[in-house]
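Those protein sequence lines, which keep their order, are chains A and B. What the first sequence shows, in this note's numbering, is residues 1 to 327, in sequence order. What the second sequence shows, in this note's numbering, is residues 1001 to 1119, in sequence order. All residues carry an ideal CB built from backbone N, CA and C; glycine is no exception.
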Amino acid sequence: MIELKNDSLVFTFPEVHPKAKLTIDFQRTLRIPDDGKDYPLPPGLGRFPVRHIDDFRANLPKQWERHGGVMLPMYQSEALWLNFSSDHIPGHGTDYPFAIKVATGKINAVTGDNWTDWLQGNPQDYMVAPDQPWLDGFSVEKGFIRQFVAMPLGSGYSAEEQLTGSGEFGGLQVMVYPMKRASFERLFPKQVYRRRLDDHVMYSLAEPCMDMGLAPGGRMRQEIYEDPYDMDDWEMGHKSRCFVHLANSLVWRAVTGDNPPTVPMTAREYADHGLPWFEYYTDGAGALDGSKKLNGLKSVTEKGIEKGDNPLPENASVFSDPVINLS
Amino acid sequence: MKNTFGQYIRDKRERLKAQDRSYSVRQVAMRMGVEPSYLSKIERGDLKAYLTEDKIRALAEDLGEDPDVLLALSGKISQDVQEIIRKRPLLFAQLIRELKDMPDHAVLRIVREVRDGDW
Chain A
1 MIELKNDSLV
11 FTFPEVHPKA
21 KLTIDFQRTL
31 RIPDDGKDYP
41 LPPGLGRFPV
51 RHIDDFRANL
61 PKQWERHGGV
71 MLPMYQSEAL
81 WLNFSSDHIP
91 GHGTDYPFAI
101 KVATGKINAV
111 TGDNWTDWLQ
121 GNPQDYMVAP
131 DQPWLDGFSV
141 EKGFIRQFVA
151 MPLGSGYSAE
161 EQLTGSGEFG
171 GLQVMVYPMK
181 RASFERLFPK
191 QVYRRRLDDH
201 VMYSLAEPCM
211 DMGLAPGGRM
221 RQEIYEDPYD
231 MDDWEMGHKS
241 RCFVHLANSL
251 VWRAVTGDNP
261 PTVPMTAREY
271 ADHGLPWFEY
281 YTDGAGALDG
291 SKKLNGLKSV
301 TEKGIEKGDN
311 PLPENASVFS
321 DPVINLS
Chain B
1001 MKNTFGQYIR
1011 DKRERLKAQD
1021 RSYSVRQVAM
1031 RMGVEPSYLS
1041 KIERGDLKAY
1051 LTEDKIRALA
1061 EDLGEDPDVL
1071 LALSGKISQD
1081 VQEIIRKRPL
1091 LFAQLIRELK
1101 DMPDHAVLRI
1111 VREVRDGDW
């Protein structure tokens, strides 16, 4: 089952293992420049607030109610990353392993394929926690992703719209499978923590469009790791999935009565303060090649040029230094 | 109740110790901050031996057990749950009695889940 606790989705599978618990939170972050350069990992700037759809159904589109799940507020051109953390199991020296599928607008963020309700091994369309501690964007090449950047659904920027020609779903979709209890006993992955920084107050430039989709932004060095286990190790009979709607921050207050978070600082402001960037590579784990489909998408900047728009103000290149290795 | 608690933690610790020598009475007691002889008394169900909630939580963490389970076995209810009950004692007493015979899956449905819809 999935519960919403402290702005995090908590997936538990007591029928598989009493301590099989995976927490996913959605981290605010700065948007890296979409300038053709490769950047290290940006910091986490705190969690996005997350709310049950059912608590605000009177103020939401019928489609959102039909999808169920939760919602969080994002400004246009704001970035986000997903933070995965599974519970450490004392005595076993490991965190409980999970297979995690992530899609945006029902486009798989690892393969670029349409959503399916099962795990696929070849090509691998999921990630494995705790080996994979986070996901910042679309897997476009071995060792590289394009950052998740929110754009209004219908504007043509999102991965979903570029691949399907329509913005029917938007949002994020997450599905989680636990490892079989019997398989768990012999596996010992390690856990790492990514540093988080305090929030900063900046500017806003969004338009009041309710529904947001995620588009490919700047390139970042991040590996999506191969599943080190057998497909048979995953407990296919038990899964939990959730639709995470992305509400434009400008309508968040009207819908929920709460103020959305302030806009995060720009990459330039972050770099000017000499704040750290991050890199993470895990020993021995193979990285997936990345999706040709996703690599063929136009980034937000490229799409903006094609449309004659300037969707990413504050897109100047920055010098990403210092870089802290988290491995 | 204390015999049940002592027997339970002893069985669990011994199982862990069979694979990892650091789960001896001495080392577990050191990690949770009590004298080894005191932990031995607890395991034997000595009625005079008593663990505070904090010590039970530390023991649960060390043995990989759920603290609420160990607290319940030792006849305790955690402070946060007590505070919740104190705010609406009649309501929660009635609720718990009603839940008494319900199967686990039905109890779990009372916990608020994120609803999955059609997509």
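- Per DSSP, reduced to three states, the secondary structure at Asn325/A is strand.
- Between the stretch 1006–1022 of chain B and the stretch 1049–1066 of chain B, the count of C-beta pairs closer than 8 angstroms reaches three or more; the two stretches touch.
- Using a Cβ-Cβ cut-off of 7 angstroms, Val70/A is close to Val1114 of chain B, given in chain order.
- Shown here, Asn59/A sits in a helix according to DSSP, grouped into three states.
- Contact check for Leu72/A and Phe26/A: beta-carbon distance about 6 angstroms, within the 8 angstroms limit, so the pair qualifies.
- According to the DSSP assignment, Arg241/A belongs to the beta strand (DSSP E) that extends over Ser240 to Asn248.
- Residue environment analysis places Pro61/A among the exposed positions, since fewer than 16 neighbouring C-beta atoms fall within 10 angstroms of its C-beta.
- Along the stretch 1028–1053 of chain B, the alpha helix (DSSP H) occurs as fully enclosed runs of 4 or more residues at 1036–1044, listed in sequence order.
- Here Gly213/A is near Gly170/A, since their CB atoms are less than 9 angstroms apart.
- Excluding five sequence positions before and after Gly286/A, the CB atoms of its chain that fall closer than 6 angstroms to its own CB belong to Glu226, given in chain order.
- With a threshold of 16 other beta carbon atoms within 10 Å, Glu235/A meets it and is buried.
- Judged by pairs of C-beta atoms under 8 angstroms, the stretch 307–321 of chain A touches the stretch 31–47 of chain A, as three or more such pairs exist.
- Remark: C-beta atoms of Val70/A and Gln173/A do not approach each other more closely than 9 angstroms.
- Of Leu326/A, Met220/A and Leu163/A, the smallest CA-CA separation from Pro40/A is found for Met220/A.
- Contact of Glu1014/B with chain A is not assigned, every C-beta pair being separated by 9 angstroms or more.
- Among the residues of chain A, those whose CB is under 7 angstroms from the CB of Gly1117/B are Arg66, His67, Gly68, Gly69 and Phe243, following chain order.
- The C-alpha of Ala182/A lies about 25 angstroms from the C-alpha of Leu1059/B.
- Taken in chain order, the complete beta strand (DSSP E) segments of 3 residues or longer contained in the stretch 6–36 of chain A are 8–12 and 21–29.
- Residue range Gln1079 to Lys1087 is occupied by the alpha helix (DSSP H) that includes Gln1082/B.
- According to the DSSP assignment, Asn295/A belongs to the alpha helix (DSSP H) that extends over Lys292 to Asn295.
- Note that the stretch 276–295 of chain A touches the stretch 112–124 of chain A; at least 3 beta-carbon pairs, one per stretch, sit closer than 8 angstroms.
- At a cut-off of 9 angstroms between beta-carbon atoms, Glu1083/B makes no contact with chain A.
- One Cα belongs to Pro313/A, the other to Ile224/A, and the distance between them is close to 29 angstroms.
- Per the Cβ contact rule, the stretch 93–105 of chain A is not in contact with the stretch 46–58 of chain A (fewer than 3 Cβ pairs under 8 angstroms).
- Per the coordinates, the alpha-carbon of Leu9/A lies some 24 angstroms from the alpha-carbon of Tyr280/A.
- Non-local C-beta neighbours of Arg1031/B in its own chain, meaning closer than 7 angstroms and more than five positions away in sequence, comprise Asp1062, ordered along the chain.
- If one requires a minimum length of 3 residues, the beta strand (DSSP E) runs lying completely within the stretch 129–156 of chain A are 137–141 and 144–152, in chain order.
- Secondary structure note for Gly304/A: its alpha helix (DSSP H) is the uninterrupted segment Val300 to Lys307.
- With fewer than 16 neighbouring CB atoms inside 10 Å of its own CB, Ala254/A falls in the exposed class.
- For Asp1101/B, no Cβ of chain A is located within less than 9 angstroms of the residue's own Cβ.
- Put simply, the CB of Leu1070/B is far from chain A, with every gap to its CB atoms at 9 angstroms or more.
- Taking C-beta atoms under 8 angstroms as the contact rule, Val1107/B and Leu1099/B qualify, at a distance of about 6 angstroms.
- In the DSSP assignment, Thr256/A is bridged to no other residue.
- Residue contact with chain B for Glu3/A: present (Cβ-Cβ distance below 9 angstroms to some residue of chain B).
- Residues of the stretch 82–97 of chain A with a Cβ closer than 7 angstroms to any Cβ of chain B, in chain order: Ile89, Pro90 and Gly91.
- Within the stretch 9–38 of chain A, the residues whose Cβ lies closer than 8 angstroms to some Cβ of chain B are Leu9, Pro14, Pro18 and Lys19, listed in chain order.
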